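Going left to right, the sequence shown walks through residues 1 to 428 as our numbering numbers them.
The beta-carbon is built from N, C-alpha and C at its ideal position, and this holds for glycine as well.
All values reported here derive from a predicted model rather than from experimental measurement.
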Amino acid sequence: MFYAAWNPAYVFILAFSTGLDWWLARRLGRETSEGRRKALLVVSLLANLGLLGFFKYGGFALQTVQDVMNAFGVSYMPPAWNIVLPVGISFYTFASLSYTIDVYRREIPGDASLRDYALFVAFFPHLVAGPIVRARALLPQIATPRNVTPEHVAYGMVLVLIGLFCKDVLADRLFAPVVDAVYGTPSAFGIVGGLAAFFGFAGQIYFDFGGYSLCAIGLAMCFGFAFPDNFRFPYGARGFSDFWRRWHISLSTWLRDYLYVPLGGNRGGRWRTPRNLLITMLLGGLWHGASWMFVIWGALHGLYLVAERGLRSRWTGRTNVAVDAMVTILTFVLVCVAWVAFRAPNLSSAWAYLGTFARWRDGYADEWLALAAALCMFAWHWRMRDRSLDEWLATLGTGSRAVVAAACMIGIFLASGGDERAFIYFQF
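Here it is as structure tokens:
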């Protein structure tokens, strides 16, 4: 009913994917022939990735074919692509695939009941925008009756309020107006606005998606379920491999375990490891959306990881406070460089935005505020990077948590009534 409230017809896609993977996993659990087991896994991969590819990349494929043919002087007009992308399909597809793949690897049994498995896929906190909770983590919890205590509900609601505050106050009211204005009309801004958008989008996307993840984790906790952390102060990362251990953790670990490692991981030798890193990050970029800009974003992170791996051996044993600070600052700046490709709708828009750095124009108060807030966020991540939000909240007493919750509610109330902005990751 939660999913049907958006588009009732698309519930059948969710039901098909759920029913097929449940049936295939039961067959995989009983099958002894390795050839048949591989065939069953291929059916799951083709069905799930085929649906994802059709709905998410059909229009992108047609447009790419048109562009290639036009480049060769052939006039081609593809049919109009008016199919709406099912909300959350990227998330529930990966969650469901984790079940069949793990059963195929004999890492978990394939004996879940249809009711339990359907609840795992369609559990509303993570259904539409993650985190990508794996079957091995959630199915055992579903199979055991939950003992929900008042402490679970209270702690979960504090997380929900912090998440809503991050989304509504910080992402939507503090950063988004400046970022949208600069990217929308870059010719009207100079270097101050360019820097505010450069670092401000890092703040916007972190507080937007990190806020949603906190809401999902908190809501699940209110029902007695434990979700894994999805962010761990990523902008305080010491390098790019460390960044991907902190940013969108459920996706990065999924790509690592189900794509990077099967490709050979870091066991493939001098040239295969960089290849595996680039393939993983390119596909990770494409997972975010049907656009070459997302591919460029993934390629940049792939190149960052390859370069970091090549330089790491030379700097072994040379780590000190100065080197740590330099690596942390450089990582944050280069991550923000990649965010330009993520945020700009196309290359021409990205180049127009970069032109703001060549003009001096004094910034308005909201630009300076967004810039200062983004740099404060970076300093906060740097300070907190060896802790987690749960560890921080655990140090607070009941009264302090009540103060945090009240402050978040007041901020949400004061920020209400403006433009409504969907969560950024709803489009993925």
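Option nearest residue i by Cα separation, candidates the options
i, options, result
"His-301", "Leu-283, Ala-405 and Ala-322", "Leu-283"
"Ile-13", "Ser-187, Pro-228, Ala-135 and Gly-50", "Gly-50"
"Ala-118", "Phe-60, Leu-20, Val-153 and Gly-200", "Leu-20"
"Val-153", "Gly-265, Ile-217 and Gly-130", "Ile-217"
"Ser-187", "Val-403, Ile-412 and Arg-359", "Arg-359"
"Phe-240", "Val-306, Phe-223 and His-381", "Val-306"
"Arg-385", "Ala-341, Asp-242, Thr-273 and Ser-348", "Asp-242"
"Pro-145", "Tyr-99, Gly-224 and Trp-247", "Gly-224"
"Ala-422", "Ile-205, Phe-16 and Ser-349", "Ile-205"
"Ala-373", "Gln-141, Arg-361, Pro-345 and Gly-203", "Gly-203"
"Val-43", "Leu-62, Trp-22 and Ala-61", "Trp-22"
"Ala-350", "Val-179, Asp-111, Arg-173 and Tyr-10", "Val-179"
"Glu-367", "Asp-324, Phe-189 and Gly-265", "Phe-189"
"Leu-201", "Leu-219, Leu-375 and Phe-165", "Correcting the residue identity first, residue 201 is Phe in this sequence and not Leu. Minimum Cα distance to Phe-201 is reached at Leu-375."
"Asp-324", "Phe-94, Arg-383 and Ala-61", "Arg-383"
"Val-148", "Leu-214, Phe-165 and Ala-226", "Ala-226"
"Ala-61", "Ala-407, Asn-266 and Pro-79", "Pro-79"
"Pro-86", "Leu-174, Ala-9, Ile-424 and Asp-111", "Ala-9"
Buried versus exposed, by CB contacts within 10 Å (16 or more), residue i
i, result
"Trp-271", "exposed"
"Asp-168", "buried"
"Arg-410", "Going by the sequence as given, residue 410 is Ile instead of Arg. Exposed: under 16 other Cβ atoms inside 10 Å."
"Val-295", "buried"
"Asn-276", "buried"
"Ala-429", "Nothing about residue 429 can be reported from this structure: the residues present for the chain run from 1 to 428 only."
"Gln-427", "exposed"
"Thr-280", "buried"
"Ile-249", "buried"
"Asp-176", "It is Ala, not Asp, that sits at residue 176 in the sequence shown. By the 10 Å Cβ count, Ala-176 comes out buried."
"Met-487", "Coverage of the chain is limited to positions 1 through 428, which leaves residue 487 absent and any answer about it impossible."
"Gly-88", "buried"
"Leu-330", "exposed"
"Pro-140", "exposed"
"Phe-16", "exposed"
"Ser-252", "buried"
"Glu-308", "buried"
"Ala-122", "buried"
"Gly-163", "buried"
"Asp-172", "buried"
"Ser-75", "exposed"
"Val-110", "Reading off the sequence shown, one finds Gly at residue 110, where the question assumed Val. Buried, because 16 or more other Cβ atoms sit within 10 Å of the Cβ of Gly-110."
Residue i versus residue j - alpha carbon distance
i, j, result
"Asp-257", "Met-221", "26 angstroms"
"Asp-208", "Val-261", "30 angstroms"
"Met-377", "Ala-71", "45 angstroms"
"Arg-37", "Trp-254", "22 angstroms"
"Val-403", "Pro-150", "18 angstroms"
"Tyr-364", "Leu-303", "36 angstroms"
"Arg-106", "Leu-263", "19 angstroms"
"Gly-285", "Gly-399", "43 angstroms"
"Ala-379", "Tyr-235", "9 angstroms"
"Leu-449", "Ala-415", "There is no way to answer for residue 449, as the model of the chain reaches only from 1 to 428."
"Leu-45", "Phe-198", "38 angstroms"
"Leu-341", "Leu-347", "Per the sequence presented here, residue 341 reads as Ala, with Leu not at that position. So the two alpha carbons sit approximately 8 angstroms from each other."
"Ser-96", "Ser-388", "28 angstroms"
"Ala-338", "Trp-297", "5 angstroms"
"Asn-7", "Met-1", "10 angstroms"
"Leu-278", "Phe-413", "44 angstroms"
"Phe-120", "Asp-102", "15 angstroms"
"Arg-246", "Asp-229", "9 angstroms"
"Asp-390", "Phe-91", "24 angstroms"
"Ala-47", "Ala-25", "14 angstroms"
"Leu-170", "Val-158", "17 angstroms"
"Trp-81", "His-381", "42 angstroms"
"Gly-35", "Asn-320", "53 angstroms"
"Tyr-183", "Leu-114", "47 angstroms"
"Ala-4", "Gly-211", "24 angstroms"
"Thr-32", "Arg-343", "48 angstroms"
"Leu-369", "Ile-83", "40 angstroms"
"Gly-156", "Pro-125", "12 angstroms"
"Arg-30", "Leu-41", "13 angstroms"
"Glu-420", "Ala-322", "43 angstroms"
"Pro-274", "Trp-244", "16 angstroms"
"Val-11", "Met-293", "30 angstroms"
"Leu-52", "Ala-407", "41 angstroms"
"Asn-266", "Arg-314", "18 angstroms"
Test: residue i CB closer than 8 angstroms to a CB of chain C
i, result
"Val-84", "Annotation note: the requested chain C is absent from the structure, which comprises a single protein chain."
Does the segment 355-371 come close enough to the segment 178-197 to have 3 or more Cβ pairs within less than 8 angstroms? yes
Below 8 angstroms, how does it come out for the segment 288-295 and the segment 52-60: are there three or more Cβ pairs, yes or no? yes
Evaluate contact between the segment 62-69 and the segment 123-132, counting only Cβ atoms and requiring at least three cross-stretch pairs below 8 angstroms. Result no; under three Cβ-Cβ pairs closer than 8 angstroms.
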